[in-house]
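Everything below concerns the one structure shown next.
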Amino acid sequence: MATSTSTRERIVDAAMTLFAEKGYRGTSVAHIEAAAGLTPGAGGLYHHFRTKEEVLAAGIERHLARLSALRDIRGVFGGLGDLRAELIVTARYTLAELDNETELLRILASEARSHPDLVEGAVHRLIDATYAEFAGWLAERTGLPAERAEAVAAIGLGALVSARLLTGVLGAAPTGVDDETFVTTWVDMMTNAIGP
């Protein structure tokens, strides 16, 4: 059983790397098998998955499970008692997690048209839940009305996600803005939007 689990994980690892680099359509089952250390074209993948799409679904699910902590924004800083410090930790943590998930972001961006049901579900679980959690935390922590907290969360998290989509998916970094400057400016923007 341990060998089967290990082989299954190797297949998912290899497939997700290849999907991020070449796209789903540009990756054959034989490519996945070779990258996973199996005999290419021998059908070893099919001992663990029925289809290549099932491998994609398993890989996306695994990435989403890793990101479950990101959705629980309140647990990130455990009530530091200083809004600015909490926002700094939130921004740094979110950027770090998005950096760790560049592979997933590339796959979601490239496969949105060819696998809309799978991608929409993943985006809903990843983004929508994170925005809702952050908006809930903002309302609770700052006393913002729910509607205002939702708007501030959308703009705030949108900026963080956009920064990583630009670099990780499109390969274009915001000109002359390093992470420290980005985080400081983001925190200033957030505190201004939240108000006194």
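Take the sequence shown: its letter number 105 is residue 137 in my numbering, and every next letter is one higher. All C-beta atoms, glycine included, are put in the ideal place defined by N, C-alpha and C.
Span separating the alpha-carbon of residue i from that of residue j
i, j, result
"residue 33", "residue 202", "Low local confidence applies: a pLDDT of 44 at residue 33 is under 50, so the model's placement there is unreliable, and no value is given."
"residue 124", "residue 132", "12 Å"
"residue 228", "residue 179", "17 Å"
"residue 115", "residue 223", "8 Å"
"residue 130", "residue 159", "11 Å"
"residue 59", "residue 170", "42 Å"
"residue 208", "residue 75", "49 Å"
"residue 176", "residue 148", "35 Å"
"residue 38", "residue 214", "40 Å"
Option nearest residue i by Cα separation, candidates the options
i, options, result
"residue 166", "155, 181, 157", "181"
"residue 93", "212, 171, 41", "41"
"residue 113", "173, 228, 183", "173"
"residue 212", "59, 81, 128", "128"
"residue 157", "76, 171, 140, 170", "140"
"residue 231", "62, 59, 73, 91", "Outside the displayed span of the chain (33 to 228) sits residue 231, for which this structure offers no information."
"residue 163", "82, 39, 186", "186"
Residues of its chain near residue i, where Cβ-Cβ distance is below 7 Å and the 5 sequence neighbours each way are ignored
i, result
"residue 95", "133, 136"
"residue 154", "92, 96, 140"
"residue 168", "none"
Cβ-heavy atom distance, residue i to the ligand NAP, below 7 Å
i, result
"residue 44", "Judged by which ligands are present, the structure shown has none, so any question about the ligand NAP falls away."
8 Å CB neighbourhood of residue i in its chain, flanking five on each side removed
i, result
"residue 146", "56, 57"
"residue 54", "63"
"residue 210", "none"
Neighbourhood of residue i by C-beta distance below 6 Å, restricted to the same chain and skipping five residues each side
i, result
"residue 188", "222"
"residue 225", "184"
"residue 143", "56, 151"
"residue 73", "62"
"residue 126", "192"
"residue 81", "87"
"residue 79", "none"
Assumed close pair residue i, residue j - CB separation to whole angstroms, cut-off 8 Å
i, j, result
"residue 77", "residue 43", "6 Å"
"residue 138", "residue 52", "4 Å"
*Would the stretch 206-226 and the stretch 187-196 be scored as touching if the rule is three or more Cβ pairs under 8 Å?*
yes
*Tell me, please, whether the stretch 70-86 touches the stretch 112-120 by the rule of three or more beta-carbon pairs shorter than 8 Å.*
no
*asked:* Any contact between the stretch 41-54 and the stretch 65-72? By contact I mean 3 or more CB pairs, one from each, below 8 Å.
replied: yes
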